[in-house]
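To start, the structure itself, in structure tokens.
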Amino acid sequence: MSNTTTTSLIHVFTRLLFIAMGIALLCLPAGCPPRPDKISRGGIGPTEALQSKDITDISLIMLEEAGLRHAWPAVRLPLGEDRTIKRIFYHNGRLYTLTDHNQLFALDGNNGNILWSQQLPAPLAICSAVQYYQDNLLFIISDTFLQVRETNGEILEERKLDYSISTNAARTGNLLFFGSNNRRFYGLSLEKGITLWQNLCSAKPVGVVTVNGNMVYFVTEDHMLYVSLNNKRQLIWRHQAFGDLPGVVVDQDQCFLPSDDTMLYCFDAATGKQHWKYPAGGGLRELPVLTKSAVYQHVDQKSLLCLERQSNSENGQLRWELNRGRCLLAENGTISYCLTMDDVLTLKDNLTGGTPLSFYVPHVDLYASNNENALIFLASENGTILALKPK
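Counted from 1, the sequence shown has number 587 at position 293 by the numbering used here; the numbering is strictly sequential.
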């Protein structure tokens, strides 16, 4: 074969090769495999739900796979122009939402009907965490104590306090408890309007104040938990931790103390005897959520832990850990519904620790941790409320 013929064949072959490559490139988008489904058994996968524009765009197929359905049609609260909701919480069968202007809405958890709304005083002031007393909601807004009736939203008590308040408020009978920036913790007689007792602490009281029986629990900036009789200044027990404390949760005979020193402590609520402490591997800056047999604790920027409430081990007993887990939404039998920091609704099996199912929920800004029943509540800041329940 001559050199001329060989050269011609090479040119032809090269042109055919370039043509084939061009056709392949043009066809590539159509031939790409489809995006993985947003449902993932045993893990979290990519999701086309990211393209959705509202929390109500949650996939019905995903809900079907998870054994969930809408508890009631999504509700859009009448917030008014440029208003948003900043907090939701569930108590006594009602879902409460608090706006950025301190307007409080109460919805019936079973059907989504708006039961009442109440504009709290000082719309632009910071509102404390809620505390409960009988069938009432307790708040501190600026230097004012508020007591709101749960059934109709009536403000039963609005009392300006002559203190620079540094905690939320707790109540039992006619006694009101709170901490102040002057490093004092107060027991105030609401009936007489006078200070019944006070305690000068080594540092400012902070976080959540809790009343249980005849005792009041509070924490201070120097990482100390104090437990006192509530009718007089008498220390019952205390505990020195080594990190910031958000407060305690007391239920039955157990007192749970999370700490930024990475430990979750479980004490006898009356005596302070330590039952166990669990090393969480990260800072604990939020209060745990308790159910009948479990403790759910968020580890800052890391995970959600589920631990046994009762443990024979001094180090506690872990059921499971959800990587990037944010919170418990609700329990249904042996299944826990959880939300991650990536807005993935995750089902956890409390018997095996496995993850039967997980899927993305679009535009979740707020959630309620419900330890009363199996209802799940999610919300967007624009006022849209989504309620789910098991089939």
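A virtual CB, placed ideally from N, CA and C, is assigned to each residue, including glycine. Nothing here was measured: the structure is a model prediction, and the numbers come from that model.
Just mark K586 as buried or exposed, buried being the case when its beta carbon has 16 or more other beta carbons within 10 Å.
Here residue 586 refers to the residue found at position 292 when the sequence shown is read from its first residue. Looking at its Cβ environment, which holds fewer than 16 other Cβ atoms inside 10 Å, K586 is exposed.
Can you check whether the CB of N475 is closer than 7 Å to the CB of K454?
The residue you call residue 454 lines up with position 160 of the sequence shown. The residue you call residue 475 lines up with position 181 of the sequence shown. No, these two residues do not count as a Cβ contact at 7 Å.
Sort P684, R477 and N676 by Cα distance to D348 and report the nearest one.
Indexing the sequence shown from 1 puts residue 348 at position 54. The candidate whose alpha carbon is nearest that of D348 is N676.
Could you tell me the distance, in whole angstroms, from the CA atom of R381 to the CA atom of A662?
In the sequence shown, the residue the question calls residue 381 occupies position 87. In the sequence shown, the residue the question calls residue 662 occupies position 368. For R381 and A662, the distance between alpha carbons rounds to 9 Å.
Go to I435, then tell me how far its beta strand (DSSP E) extends in each direction, as first and last residue.
Along the sequence shown, read from residue 1 onward, the residue named residue 435 stands at position 141. Unbroken beta strand (DSSP E) run through I435: N430 to I435.
So what's M356 in DSSP terms, helix, strand or just coil?
The residue given as residue 356 occupies position 62 in the sequence shown. Helix at M356.
Would you say P582 and T556 are within 7 Å of each other, going by their C-beta atoms?
Taking the first residue of the sequence shown as position 1, residue 582 is located at position 288. Taking the first residue of the sequence shown as position 1, residue 556 is located at position 262. Contact flag unset, no.
Rounded to a whole number of angstroms, what is the C-alpha to C-alpha distance between R377 and V544?
Counted from its first residue, the sequence shown places residue 377 at position 83. Counted from its first residue, the sequence shown places residue 544 at position 250. So the alpha carbons of these two residues sit roughly 35 Å apart.
Give the straight-line distance between the Cα atoms of Q397 and I434, rounded to the nearest whole angstrom.
By one-based count along the sequence shown, residue 397 stands at place 103. By one-based count along the sequence shown, residue 434 stands at place 140. Distance between the alpha carbons of Q397 and I434 is about 14 Å.
Local conformation of E420 per DSSP, three classes:
On the sequence shown, position 126 is the one that residue 420 refers to. A small fix is needed here, since residue 420 is Ile in this sequence, not Glu. Here I420 sits in coil by DSSP.
Chain-order list of residues whose beta-carbon lies under 6 Å from that of S436 (same chain, five-residue window excluded)
Taking the first residue of the sequence shown as 1, we reach residue 436 at position 142. Taken in chain order, the residues that qualify are A416 and A419.
Ignore the nearest five residues each way along the sequence and tell me which others in I338's own chain have a CB closer than 6 Å to its CB.
On the sequence shown, position 44 is the one that residue 338 refers to. Any answer about I338 is weak, because its pLDDT of 40 lies below 50 and its placement is not dependable; what the coordinates show is given next. If we look at I338 and ignore the five residues flanking it on each side, its Cβ neighbours are V638 and S652.
For P239 and Y631, what's the separation of their Cα atoms in angstroms?
This structure cannot speak to residue 239, because the chain is shown only from 295 to 685.
Could you tell me the boundaries of the beta strand (DSSP E) in which F512 lies?
Within the sequence shown, the letter at position 218 stands for residue 512. Unbroken beta strand (DSSP E) run through F512: M509 to T514.
Just list the residues that DSSP pairs E615 with in beta bridges.
Taking the sequence shown and counting its residues from 1, the one referred to as residue 615 is at position 321. E615 is bridged to L599.
Residue range of the beta strand (DSSP E) that H592 falls in?
Stepping through the sequence shown from its first residue, residue 592 is reached at position 298. Residues A588 to V593.
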